[in-house]
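The structure appears right after this line, and notes come after that.
2 protein chains.
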Amino acid sequence: MPEPRRFPAAQLRAFTTRVFAKLGVPEKDAVLAADVLAVSDLRGIDSHGVARLHTYFDMLSAGRINPRPTLRVVRETPSTATIDGDNGLGLVIGPRANEIAMDKAAQAGSGWVAVCNTNHYGIAGYYPLRALERDFIGWAMTNSSAGVAPLWGAERMLGTNPIAIAFPGKEEPAIVIDMATSAVAYGKIEMAQRAGKPIPTGWAIDREGHPTTDPQAMIDGGALLPLGSGRELGGHKGYGLGLMVDVLCAALSGANWGPFAPPFAINQAISKESVGRGIGHFFGALRIDAFRDPEEFKLQIDLIVRTLRATRPAPGTNGPLIPGDPERLAEEERSREGVPLLPAVIAELEDIARRTGVEF
Amino acid sequence: MPEPRRFPAAQLRAFTTRVFAKLGVPEKDAVLAADVLAVSDLRGIDSHGVARLHTYFDMLSAGRINPRPTLRVVRETPSTATIDGDNGLGLVIGPRANEIAMDKAAQAGSGWVAVCNTNHYGIAGYYPLRALERDFIGWAMTNSSAGVAPLWGAERMLGTNPIAIAFPGKEEPAIVIDMATSAVAYGKIEMAQRAGKPIPTGWAIDREGHPTTDPQAMIDGGALLPLGSGRELGGHKGYGLGLMVDVLCAALSGANWGPFAPPFAINQAISKESVGRGIGHFFGALRIDAFRDPEEFKLQIDLIVRTLRATRPAPGTNGPLIPGDPERLAEEERSREGVPLLPAVIAELEDIARRTGVEF
Chain A
473 MPEPRRFPAA QLRAFTTRVF AKLGVPEKDA VLAADVLAVS DLRGIDSHGV
523 ARLHTYFDML SAGRINPRPT LRVVRETPST ATIDGDNGLG LVIGPRANEI
573 AMDKAAQAGS GWVAVCNTNH YGIAGYYPLR ALERDFIGWA MTNSSAGVAP
623 LWGAERMLGT NPIAIAFPGK EEPAIVIDMA TSAVAYGKIE MAQRAGKPIP
673 TGWAIDREGH PTTDPQAMID GGALLPLGSG RELGGHKGYG LGLMVDVLCA
723 ALSGANWGPF APPFAINQAI SKESVGRGIG HFFGALRIDA FRDPEEFKLQ
773 IDLIVRTLRA TRPAPGTNGP LIPGDPERLA EEERSREGVP LLPAVIAELE
823 DIARRTGVEF
Chain B
473 MPEPRRFPAA QLRAFTTRVF AKLGVPEKDA VLAADVLAVS DLRGIDSHGV
523 ARLHTYFDML SAGRINPRPT LRVVRETPST ATIDGDNGLG LVIGPRANEI
573 AMDKAAQAGS GWVAVCNTNH YGIAGYYPLR ALERDFIGWA MTNSSAGVAP
623 LWGAERMLGT NPIAIAFPGK EEPAIVIDMA TSAVAYGKIE MAQRAGKPIP
673 TGWAIDREGH PTTDPQAMID GGALLPLGSG RELGGHKGYG LGLMVDVLCA
723 ALSGANWGPF APPFAINQAI SKESVGRGIG HFFGALRIDA FRDPEEFKLQ
773 IDLIVRTLRA TRPAPGTNGP LIPGDPERLA EEERSREGVP LLPAVIAELE
823 DIARRTGVEF
């Protein structure tokens with residue numbers, strides 16, 4: 473494996489901000505978009521940080537994403553809104569729509585925002601983390617281009633459609649759930665393929681729909697399996713969750729769902745058919761004090777966290793983690809030591825620097 | 473296997489209603505509670521229908537459930553409420569709280585209700601089905617007594633904590649998702665044990681925390697595994713979902729969570745420690761027209777259903793089902809042919825008849 477090199481997070485953030493600005497994104501929006509990528513890199517979700525900057529660069533340069541979108545409220549009620557993202561960066565539309573959900577919650581107790589005509593919005597976990605800052609329970613989902621087969625299907629029909637939600641503790645760290653509704657992320661297939669290693673049964677099928685342990689067979693027209701894998705271990709449940717995300721994000725907002733969701737990649741063909749505008753997101757915010765004294769709630773979260781940590785460990789393990797633990801530890805370490813980037817990613821950033829004239 | 477006998481659904485419903493009434497439940501509430509059980513039996517969820525009536529009978533007879541609860545609104549905002557169920561039947565408190573969520577949605581666009589001090593509420597899928605009647609997207613969760621180990625844990629810490637949500641179609645049937653967040657329901661372990669058959673790896677661990685294929689080893693102090701089973705196939709995700717349900721239902725409402733959730737069984741000891749009141753539910757309702765023209769939305773659902781049904785089938789299958797298909801087909805068949813009950817269940821109903829004087 474090639475050795476990664478470490479970069480201070482602030483340096484990556486500054487570079488990313490200037491690249492977006494150079495591509496016509498207004499300064500304030502560029503800062504926002506760079507923040508989403510920086511949080512992803514800090515929290516160890518390498519696939520969603522600056523490793524994706526070249527794709528955003530490609531899409532903006534090709535005019536496939538609008539650098540100066542005007543958000544439009546399509547419908548609204550005291551606790552809900554539907555937003556048209558004007559084909560803007562998901563990294564900008566997402567945080568804005570999430571803010572609207574929180575503002576609604578501040579007024580009405582809860583806020584729910586469905587977004588169409590948007591693009592890839594970074595890690596889903598970014599959004600509930602913002603909600604924690606306002607003492608809200610935050611919820612975020614997004615659909616994405618199809619890579620997952622429904623149970624008993626032999627082709628890609630749904631995105632990896634993640635769900636994220638977070639709950640604040642008082643002295644203990646927050647519980648932060650951020651999970652794809654597929655058995656694994658596509659990135660894990662690519663990693664196995666690069667390492668020349670087989671993948672476990674239950675991750676993927678080949679182009680005929682047979683279970684496969686060959687990562688290349690998944691990549692060449694196969695599909696990921698939903699969480700739960702086959703029928704026996706509950707693949708119908710992961711499929712149901714992925715479908716739920718697609719309906720809330722896309723059918724409810726007026727975006728493209730399932731096989732119609734446009735790819736986030738410059739060299740992948742866009743489906744000729746369309747059933748809506750762009751991809752979709754769905755954000756939720758619940759004001760804690762609308763349900764219970766926030767102090768009492770946070771003390772309960774502390775107690776839940778401590779109770780779960782005290783679970784008798786399964787043999788060969790150190791016992792259960794709390795959702796969000798790995799990302800929090802990565803954030804502490806990377807804030808101190810810098811963000812490790814692989815040579816291939818560094819080469820991409822250097823390419824962007826060359827083409828934009830923004831110094832890396 | 474013993475042969476089941478068929479009973480008309482109306483007969484079971486009438487019997488159940490009169491049993492509840494005889495136990496001091498007000499007539500209107502008895503009708504409601506019987507409806508929840510009847511829908512479960514009709515939809516083929518045998519474990520949650522009249523097969524549970526003896527437990528409700530036991531709990532009411534022993535004074536462990538309040539037959540005449542007074543619902544109390546603990547807190548509320550335009551789109552949210554926290555309800556204390558006064559230790560009533562979950563079969564009554566659940567539908568009432570769900571109604572409050574829908575009434576909030578009618579006013580504010582969405583409605584979210586957390587409930588404490590309640591009991592087992594039947595199938596989670598019952599509640600979103602009610603929402604469909606009002607053109608809402610309905611959401612329901614409940615926590616339950618611990619039976620599931622968190623990933624890397626060796627003991628029962630979380631309930632099977634189901635999530636249900638439903639989306640209406642126009643010409644196609646609704647998408648109805650109703651799933652436990654464990655790999656399987658406890659009932660499947662019991663069925664394997666009675667049949668003397670092994671269970672698949674990935675369903676359960678034994679009391680030491682080792683994976684087991686022996687159903688008895690799970691029953692004797694072992695635990696179910698979360699959806700996704702071990703780490704490799706995403707057990708941390710099912711664990712995260714189960715934890716999410718526990719927080720929304722219990723930590724947010726003031727109910728007992730995790731290992732503190734009281735059991736729904738007369739002969740199981742109640743935990744000496746308590747962190748709240750009863751178990752908890754969480755209901756949500758979204759008005760479709762708050763987000764999009766309901767006609768347009770339903771046409772999209774029709775298109776999603778047809779698109780998924782047209783997926784190329786995996787080898788040896790007939791292709792993907794739509795969530796809710798098996799239950800809908802069971803409902804059609806059982807409405808016509810009657811509800812099949814096993815001799816053991818019939819004997820329980822006869823025992824209730826003898827003890828209450830209500831004719832079966």
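Chains as they are written, first to last, in this note's numbering: chain A, 473 to 832; chain B, 473 to 832.
Using N, Cα and C, we set each Cβ at its ideal position, and we do this for glycine too.
**Study point:** Cβ distance (whole Å) where I637 (chain B) is taken to contact W611 (chain B) below 8 Å
**Key:** 5 Å
Review point. What are the boundary residues of the alpha helix (DSSP H) that H708 (chain A) is part of?
Key: 707-718
Review point. Which residues in the same chain as P622 (chain B) place their Cβ atom closer than 6 Å to its Cβ, once the five residues preceding and following it in sequence are excluded?
Key: M629, Y711
**Study point:** Alpha carbon of W584 (chain B) to alpha carbon of L604 (chain A), nearest angstrom
**Key:** 19 Å
Check your understanding: What do you reckon, are the CB atoms on R602 (chain B) and R806 (chain B) nearer than 9 Å?
Key -> no
Practice item. Verify the contact flag: E704 (chain B), CB atom, against every heavy atom of the ligand ZN, threshold strictly below 8 Å. Key: Of the ligands one can find in the structure shown there are none, so the ligand ZN has no counterpart to examine.
Exercise for review: List the residues of chain A that K709 (chain B) touches, going by C-beta distances under 7 Å, in chain order.
Suggested key: M651, L699
Check your understanding: Which of helix, strand or coil does DSSP assign to S746 (chain A)?
Key -> coil
Review point. So is F755 (chain B) in contact with chain A if we call contact Cβ pairs under 9 Å?
Key: no
Review point. Would the beta-carbon of I773 (chain A) fall within 9 Å of that of F639 (chain A)?
Key: yes
Exercise for review: For L758 (chain B), decide whether its Cβ has a neighbour in chain A, counting only Cβ atoms nearer than 9 Å.
Suggested key: yes
**Study point:** Length of the line joining the Cα atoms of A655 (chain A) and H753 (chain A)
**Key:** 21 Å
Practice item. Give, in chain order, every residue of the region 674-708 of chain B whose Cβ lies closer than 8 Å to some Cβ of chain A. Key: G674, W675, I677, E680, G681, H682, L699, G700, S701, E704, L705, G706, H708
Review point. If we count Cβ pairs, one from each stretch, closer than 8 Å, do we get three or more for the region 794-809 of chain A versus the region 499-514 of chain A?
Key: yes
Review point. Which one or two residues does DSSP pair with D650 (chain A) in a beta bridge?
Key: A:A636
Review point. Counting only beta-carbon atoms, is D761 (chain A) nearer than 9 Å to chain B?
Key: yes
Exercise for review: Consider the Cβ of L604 (chain B): report whether some Cβ of chain A lies at a distance smaller than 9 Å.
Suggested key: no
Point to revise | Beta-carbon proximity check, T590 (chain A) vs L758 (chain B), cutoff 9 Å | key: no
**Study point:** Which of helix, strand or coil DSSP assigns to H520 (chain B)
**Key:** helix
Practice item. Would you list the one or two residues that DSSP bridges to G583 (chain B)? Key: B:A757
Review point. Which residues in the same chain as F732 (chain B) place their Cβ atom closer than 8 Å to its Cβ, once the five residues preceding and following it in sequence are excluded?
Key: S743, E745, S746, V747, G748
**Study point:** Under 7 Å by beta carbon: chain B residues contacting F639 (chain A)
**Key:** V719
Practice item. Name, going along the chain, the residues of the region 801-819 of chain A whose beta-carbon falls closer than 9 Å to a beta-carbon of chain B. Key: none
Check your understanding: So, does the CB of T590 (chain A) fall closer than 9 Å to a CB anywhere in chain B?
Key -> no
Review point. Does the beta carbon of R778 (chain A) sit closer than 9 Å to a beta carbon anywhere in chain B?
Key: no
Review point. Of the residues B:R764, B:G730, B:A534, B:P634, which one's Cα is nearest the Cα of A722 (chain A)?
Key: B:R764
**Study point:** Of the residues A:G597, A:P698, A:I609, A:L561, the one placed nearest D575 (chain A), counting alpha carbons only
**Key:** A:I609
Practice item. With 9 Å as the limit, tell me which residues of the region 541-557 of chain B have their beta carbon closer than that to any beta carbon of chain A; keep them in chain order. Key: V546, R547, E548, T549, P550, S551, T552, A553, T554
Practice item. Using a Cβ-Cβ cut-off of 9 Å, state whether A664 (chain A) counts as contacting chain B. Key: no
Check your understanding: What residue from A:G581, A:G619, A:A586, A:D761 has the CA that sits closest to A652 (chain A)'s CA?
Key -> A:G619
Exercise for review: Return the Cβ separation of G730 (chain A) and D718 (chain A) in integer angstroms, given the expectation that the two are a contact with Cβ distance under 8 Å.
Suggested key: 6 Å
Exercise for review: Give a yes or no on whether the C-beta atoms belonging to L724 (chain A) and A586 (chain A) are separated by under 9 Å.
Suggested key: yes
**Study point:** C-beta neighbour in chain A for R749 (chain B), strict 9 Å
**Key:** no
Review point. Got a sec: is the Cβ-Cβ distance from I517 (chain A) to anything in chain B below 9 Å?
Key: no
Exercise for review: Starting from P812 (chain A), follow the beta strand (DSSP E) in both directions and report where the run begins and ends.
Suggested key: 811-813
Check your understanding: Can you find a C-beta in chain B that's less than 9 Å from the C-beta of N790 (chain A)?
Key -> yes
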